[in-house]
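Here is the structure we will look at.
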Amino acid sequence: MNDTKWTLIRLMRMAVGCEPYEPMTLSEREWKEVYIQICQQTLTGVIYCVVNRMSGDVGIPKPLLMEWTLKAEAIRRFNAKMNAEAARLTRWFGERGRKTAILKGQANARLYPHPDERQPGDIDIWVEGGRDSVLKLLGDEGVLDTKDTVSYHHVHLNKNASGIAVEVHFRPSSGNYNPITNRRLQRFLEKEILLSESCPEGFDVPTCRFALIMQMAHIQRHFLSGGIGLRHIVDYYMLMKISSEEDRRFVASQLSRFGLRKTAGAVMWMMSELFSMESDRMICPKDERRGRCMLDEAFKSGNFGWYHENRRKGYWQTVISGILIPIRLMGFSFQECLWINVKFVIYIIRTIPKRIKYRSLSLRYVHEE
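In this note's numbering, the protein residues as written are 513 to 881.
And the structure:
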């Protein structure tokens, strides 16, 4: 592990409270390299709270510190907007008789030492009722993004004046690619999410055991099909910190049934390696080989794989990379990677008529009215 990565990890450990605060003196070049990596991992705000404490000459260039400060302040303001919008959506759906729960994002931010420092993305809100019922409600109310394609588990709302992207989930998770383990996973999550409870921020959040299982599946899916960043791993550490022994025992007993055992082993290795988590708090034994593989990919690709070199080359390089990733990771989880490729082939076959109709290999910009 090079010096830049190790510096990032130390700053991250200080930010979440698992390493004592200690000023770090780096050269201007080193700070710039660390800052780039921090931004790619979407930990800009989380680590700023540590950097902001550093007094004296620690080598941070003033223009860089100013840029970092402005970004951190923007993250704080956006988090306030996100929480307000999540609370508004909860009330809006509640007035229409629908139970809801905020997934990941703002639900995770609550667990951080400084909740307003976690860099948000969009709002993921589960809405009770199932696919057809939820889509009908959104259509009747005129809030559905009609240009969006309805996915397996969610659909987007029209952006309001705040510009916040909202995914309405009619299934609690995108789940697994393996249809057998996915069926088991979805059945559990659909029951467990009904136990969601309100929080002081004004929205409902799922139980800890729901979050531990659902977010492990989320990590697995994105890792095998595109990429994850360290923010996913920090989120999971915060969940592990608040989990009870009973929660962890239950989750441990379900990992194999839900097809998550190998990924969990990798994540537990990172819990130990990055955050010094004790073995008796883990949900399964550590898997160093898979853990190193996942950590290397996270550093190489950044958040959701957006900084992988092939993503910067163009559309077709990105498509090819998406095909090759699960092939390359067969040794990590053979069944999941196999099903990724099976479903990709099915998708290509199903969309042949549309490609012929529009005389285009790519459907990237195709929208049917």
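Ideal placement from N, C-alpha and C gives every residue a C-beta, glycine not left out.
This one's a predicted model, so the numbers in the text were calculated from it and none came from an experiment.
Item: Using the Cα positions of L772 and M728, report the straight-line distance between them to the nearest angstrom.; Value: 7 Å
Item: Would the beta-carbon of G641 fall within 8 Å of that of F700?; Value: no
Item: When burial is assigned at 16 or more other CB atoms within 10 Å of the CB, is P684 buried or exposed?; Value: buried
Item: I need the DSSP call for A613, collapsed to helix, strand or coil.; Value: strand
Item: Among the residues of its own chain, which have a CB less than 7 Å from the CB of N690, if the five just before and after it don't count?; Value: G771, Q847, E848, W851
Item: What residue range is occupied by the uninterrupted beta strand (DSSP E) comprising E679?; Value: 678-681
Item: With H, G and I counted as helix, E and B as strand and the rest as coil, what does DSSP make of I740?; Value: coil
Item: Please name the residue, chosen from L520, K798, G571, that lies closest to T537 on a Cα-to-Cα basis.; Value: G571
Item: Assign L582 to buried or exposed, taking buried as 16 or more other Cβ atoms, counted over all protein chains shown, within 10 Å of its Cβ.; Value: exposed
Item: Please confirm whether any heavy atom of the ligand MG lies closer than 7 Å to the CB of S645.; Value: In the structure on display, the ligand MG does not appear, and there are no ligands present to speak of.
Item: From the DSSP output, read off the bridge partner residues of I637.; Value: I614, V680
Item: Going by C-alpha to C-alpha distance, which of L647, M524, S710 sits closest to P625?; Value: M524
Item: Would the segment 742-756 count as touching the segment 668-675 if we require 3 or more Cβ pairs under 8 Å?; Value: no
Item: By the DSSP assignment, the alpha helix (DSSP H) with V883 in it spans what residues?; Value: Since the displayed the chain opens at 513 and closes at 881, residue 883 lies outside it and no answer follows.
Item: Quick check on V528: does DSSP put it in helix, strand or coil?; Value: coil
Item: Any idea what DSSP makes of E607, helix, strand or coil?; Value: helix
Item: Roughly how many whole angstroms lie between the Cα atoms of A596 and T554?; Value: 22 Å
Item: Closest to M842 by C-alpha separation, out of L767, L736, L724, R867, would be which residue?; Value: L736
Item: Taking 8 Å as the cut-off, does the segment 520-534 touch the segment 786-794 (at least 3 CB pairs, one atom from each stretch)?; Value: yes
Item: Tell me which residues share the same chain as E880 and place their Cβ nearer than 6 Å to its Cβ, disregarding the 5 neighbours each side in the sequence.; Value: The predicted position of E880 is uncertain, since its pLDDT is 45 and thus under 50; no value can be drawn from it.
Item: In angstroms with no decimal places, state the Cα-to-Cα distance between S872 and R793.; Value: 52 Å
Item: Based on Cα-Cα distance, which residue from M806, Y748, V667, Y870 lies nearest to L649?; Value: V667
Item: Look at the alpha carbon of V612 and the alpha carbon of R643, and state the distance between them as a whole number of angstroms.; Value: Checking the displayed sequence, the identity of residue 612 turns out to be Thr instead of Val. Spanning the two alpha carbons is a distance of roughly 14 Å.
Item: In or out: V878 buried (at least 16 other Cβ within 10 Å) or exposed?; Value: Any reading at V878 needs caution, since the residue's pLDDT is 47, under 50, leaving its predicted position unreliable; the model's value is listed next. It is exposed - the Cβ of V878 has fewer than 16 other Cβ atoms within 10 Å.
Item: Below 8 Å, can you find three or more Cβ-Cβ pairs linking the segment 715-728 to the segment 757-766?; Value: yes
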